[in-house]
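Visitor: Using my numbering, the first residue of the sequence shown is number 1, and each one after it goes up by one.
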Amino acid sequence: MQIFAGVLMQTSAGKLELSATDMELSIRTGLDADVGGEGSAVVPGRLLGDIVRQLPADEVEIEYQAEENTLLVTSGSASYRLRTYAVEDFPRLPEVEGAPTSALDAEPLLEAIACVGRAAGRPALGACGNGGVSHHRYRTAHDAARDLRAGPARD
């Protein structure tokens, strides 16, 4: 389904929240923003990521144009129009208020993913994650035919 390739962008009082899911894994993050009003739009995630990586280091202005079903992304002299998907088609994500969460530094997380990413890219992968016994942590990935362990994980 095309909607699973989308990122839900929701604005509210001083916040921009981004959400994405493939129905196995859901990711939600927020950031402070100068918001002109409340609203939601679902845009193609990969295209949005490609555009953001190319933008100059200026402020980014994002404007949803409901009558055209487009999102206008502007920064410096760069300007892009993205077609949006129907917000009502985006799956409802579970609320996680009060659920235990973990904060991770980006660099060790990327290192861990790189260690097991090759196995994770295989079509028959069963699982990928972090494990540990006592004070020794390690990264693992496995499928029906093989187990990979990279470790020890660094704290």
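Note that the Cβ used here is the ideal one computed from N, Cα and C, for glycine as well.
The structure presented is a predicted model; accordingly, all values stated were derived computationally and were not measured.
Can you name, in chain order, every residue of its own chain whose Cβ lies under 6 Å from the Cβ of V40, other than the five neighbours on each side?
Guide: According to the sequence shown, residue 40 is Ser rather than Val. So the list reads Q10 and V87, once near-sequence residues are dropped.
Visitor: Do the stretch 72-79 and the stretch 49-56 meet, that is, are 3 or more Cβ pairs less than 8 Å apart?
Guide: They touch, by the three-pair rule.
Visitor: In terms of alpha-carbon separation, which member of D22, L47, G14 and E38 lies closest to L31?
Guide: Of the candidates D22, L47, G14 and E38, the one whose C-alpha sits nearest the C-alpha of L31 is G14.
Visitor: Output yes or no for whether 8 Å exceeds the beta carbon distance between E38 and R28.
Guide: For E38 and R28, no; Cβs fall outside 8 Å.
Visitor: Classify L109: buried if its beta carbon has 16 or more other beta carbons within 10 angstroms, exposed otherwise.
Guide: Answer is exposed; the Cβ neighbour count stays below 16.
Visitor: Going by Cα to Cα distance, which pick from V35, E24 and L25 is closest to Y64?
Guide: Checked all of V35, E24 and L25; the closest Cα to Y64 is V35.
Visitor: Starting from M9, follow its DSSP beta bridges and name the residues at the other end.
Guide: M9 is bridged to L18 and A41.
Visitor: Any idea if A106 is buried or exposed, counting beta-carbon neighbours within 10 angstroms, 16 or more meaning buried?
Guide: Exposed is the call here.
Visitor: Starting from the C-beta of N69, find all residues in its chain whose C-beta is less than 6 Å away, skip the five residues before and the five after it, and write them out in chain order.
Guide: Once the five neighbours on either side are set aside, the close Cβ partners of N69 are T84.
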